[in-house]
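A short write-up of the structure that comes next.
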Amino acid sequence: MRLADVLSHALAGRQVRVIRRAEELNDLTGQRLLFAAALGEYGVNLELTRMLSALRRTPDLLSGATAGIIVDGLSPLYTKSTAGELALAANLAGCALVGRPLVEGAGQLHNFRIQAKNAGTDLLGAYRASAADLAQRVETAGFPAREKPELLVLHASSHHTSNTMALWERTKQHLREDILCTEIGLRNGTLSDCSGCPYTMCLHFGERGGCFYGGVMQEAVYPALRRCAGVMMLCPNYNDALSANLTACVNRLTALFRQQRFYDKALFAIVVSGYSGGDIVARQLIDGLNMNKSFYLPARFAMIETANDPGEALALSGIESRVEAFAARVKKTLLEGEE
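If you want it as structure tokens, here you go:
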């Protein structure tokens, strides 16, 4: 079995506790975890489904834990979507994820062609090396504490009508003077989406701290991102997706990502849906910024609410306590860090 081979290399020399059944998910508070799932050809693992159920039923099951994920499938499909579903469930159960927490063995391992070429090895060798690197990072990674940290807040909403902005304003009140909040609005006309420049061109501009398309990303977002300890994404749910401008922002981070990784920057979000689907938007943030762009994902990184009419969010039952708890998590992560 390919996954067993990869795990034997990744975990060589380590003492590990192996959990194979959902019923064994206990005594995991504060532990370092490596989720490993084999999906076969059709993307289905019934025991993983049972584990997802256990995580969703028990909100504190993984409190204080830190994790990475390996997903192996015989098809080029389903590995990333399965990992995203698992990542969100674990995160809402109290588990942090290291930056770039996913190693996926997809189909014939063609996703490892570049890594194999760079390392002078074959596809399986690159897969093994990536899994070993992930295991090492999960075992040793932390998040640095800061004194007077800066939080970059990105949005594309109207202050006057947005439930998402209303929740952020209430959250900001709880951060007080402890956190320096830098807000940047990305409304229509302020930025262009990434057009997929050749790698060498993107690298060229990234090394100079910019992007071919310039604008607010180069002038405001990139400098703030270099300084900040964390990023807060304010995300109303538009058609079960991030808004076009926020999606463009995530895409345009590629130029800066060519120059530096974001392992020491935490990702937070406020997600508000009119009816449903907040989990879909939260997973898009995990996919784009944690799994792809390497942002650290602190436990319960997102406040996910449902509110339709203007002003409805602040009238939700229990919202004040949820806002206060969310703000406390932001402060704890940025001020105290994670060992």
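Converting from the sequence shown to the working numbering requires adding 67 to each position, the first position being numbered 1. By construction, the Cβ of each residue, glycine as well, lies at the ideal position given by its N, Cα and C atoms. None of the values given here were measured: they were computed from a predicted structure.
Whole alpha helix (DSSP H) elements within the stretch 283-358, 4-residue minimum: 289-294, 311-319, 321-326, 345-352
Integer Cβ distance of Thr133 from Ala104, believed to fall under 8 Å: The sequence position of residue 133 within the sequence shown is 66, counting from 1. The sequence position of residue 104 within the sequence shown is 37, counting from 1. Actually they are not in contact, since the Cβ atoms of Thr133 and Ala104 sit about 18 Å apart, beyond 8 Å.
Reference Gly110, options Pro143, Pro211, Asn357, Gln327, closest by Cα: Working through the sequence shown from its first residue, we reach residue 110 at position 43. The shortest C-alpha separation from Gly110 is found at Pro143.
Simplified DSSP state of Asp94, which is helix, strand or coil: Here residue 94 refers to the residue found at position 27 of the sequence shown. It is coil, neither helix nor strand.
Close-in-space but distant-in-sequence residues of the same chain around Met118 (CB under 7 Å, 5 per side omitted): Along the sequence shown, one-based indexing puts residue 118 at 51. Once the five neighbours on either side are set aside, the close Cβ partners of Met118 are Ala89, Leu92.
Beta-bridge pairing of Glu171 - partner residues as DSSP gives them: Translated into the one-based positions of the sequence shown, residue 171 becomes position 104. Val138, per the DSSP bridge assignment.
Rounded separation between Asn87 and Ala79 - CA only: Looking up residue 87 in the sequence shown gives position 20. Looking up residue 79 in the sequence shown gives position 12. First, the residue type needs correcting, since residue 87 is Arg and not Asn in the sequence shown. Straight-line Cα distance between these residues: approximately 19 Å.
DSSP state of Ile371 mapped onto helix, strand, coil: Residue numbering aside, residue 371 sits at position 304 when the sequence shown is read from its first letter. Looking at Ile371 - three-state DSSP - the assignment turns out to be strand.
Delimiting residues of the beta strand (DSSP E) encompassing Ile251: What you label residue 251 is simply residue 184 of the sequence shown in a count that begins at 1. 247-252 is the extent of the beta strand (DSSP E) around Ile251.
Nearest neighbour of Asn375, chosen from Ala233, Phe368, Glu244 [CA to CA]: As a working mapping, residue 375 is identified with position 308 in the sequence shown. When only C-alpha atoms are compared, the closest one is Ala233.
The alpha helix (DSSP H) enclosing Glu161, as first and last residue numbers: The residue given as residue 161 occupies position 94 in the sequence shown. Here residue 161 turns out to be Gly, not Glu, going by the sequence shown. It is not in any alpha helix (DSSP H) - Gly161 carries neither H nor E in the DSSP assignment.
Range of the contiguous beta strand (DSSP E) that encloses Gly107: As a first step, residue 107 is located in the sequence shown; it is residue number 40 there, counting from the start. Here the beta strand (DSSP E) through Gly107 covers 99-107.
Residue burial classification, Arg84 (beta-carbon count within 10 angstroms, cutoff 16): Here residue 84 corresponds to residue number 17 of the sequence shown, with the count starting at 1. So Arg84 ends up on the exposed side.
Helix, strand or coil at Thr133 according to DSSP, with G and I counted as helix: Taking the sequence shown and counting its residues from 1, one reaches residue 133 at position 66. Thr133 falls in the strand class under three-state DSSP.
His241 versus Ser224: straight-line alpha-carbon distance, rounded: Locating residue 241 in the sequence shown gives position 174, counting from the first residue. Locating residue 224 in the sequence shown gives position 157, counting from the first residue. Between His241 and Ser224, the C-alpha separation is close to 21 Å.
Inter-residue spacing [alpha-carbon to alpha-carbon] between Arg195 and Arg69: Position 128 of the sequence shown, counted from the first residue, corresponds to residue 195. Position 2 of the sequence shown, counted from the first residue, corresponds to residue 69. Looking at the two C-alpha atoms, the distance is approximately 10 Å.
Rounded separation between Leu402 and Lys215 - CA only: On the sequence shown, position 335 is the one that residue 402 refers to. On the sequence shown, position 148 is the one that residue 215 refers to. Straight-line Cα distance between these residues: approximately 7 Å.
Residue of Ala308, Asn304, Leu101 minimising C-alpha distance to Ser75: Here the question's residue 75 lines up with position 8 in the sequence shown. The residue with the shortest Cα to Cα distance from Ser75 is Leu101.
C-beta contact flag for Asp437 and Ile371 at 8 Å: This structure leaves residue 437 out entirely; the chain is present only between 68 and 406.
CB of Val390 within 8 Å of CB of Ala369, strictly: Here residue 390 corresponds to residue number 323 of the sequence shown, with the count starting at 1. Here residue 369 corresponds to residue number 302 of the sequence shown, with the count starting at 1. Taking 8 Å as the Cβ cut-off, Val390 and Ala369 do not qualify as a contacting pair.
Cα-Cα separation between Ala183 and Glu217, rounded to whole angstroms: Stepping through the sequence shown from its first residue, residue 183 is reached at position 116. Stepping through the sequence shown from its first residue, residue 217 is reached at position 150. About 38 Å.
First and last residue of the uninterrupted alpha helix (DSSP H) at His76: Within the sequence shown, the letter at position 9 stands for residue 76. Where His76 is concerned, the enclosing alpha helix (DSSP H) stretches over 69-77.
Residue environment, Glu244, which counts as buried when at least 16 other CB atoms sit within 10 Å: Taking the first residue of the sequence shown as position 1, residue 244 is located at position 177. The residue in question, Glu244, is exposed, as its Cβ has fewer than 16 Cβ neighbours within 10 Å.
Cβ-based burial, Pro377 [other Cβ within 10 Å; buried from 16]: Along the sequence shown, read from residue 1 onward, the residue named residue 377 stands at position 310. By the 10 Å Cβ count, Pro377 comes out exposed.
Residue environment, Ala315, which counts as buried when at least 16 other CB atoms sit within 10 Å: Here residue 315 refers to the residue found at position 248 when the sequence shown is read from its first residue. Label assigned to Ala315: buried.
Proximity of Ala198 and Phe179 at Cβ, strictly below 8 Å: In the sequence shown, residue 198 corresponds to position 131, counting from 1. In the sequence shown, residue 179 corresponds to position 112, counting from 1. No, these two residues do not count as a Cβ contact at 8 Å.
Distance, Arg396 Cα to Leu247 Cα: Numbered from its first residue, the sequence shown carries residue 247 at position 180. Numbered from its first residue, the sequence shown carries residue 396 at position 329. Going from the Cα of Leu247 to the Cα of Arg396 covers about 15 Å.
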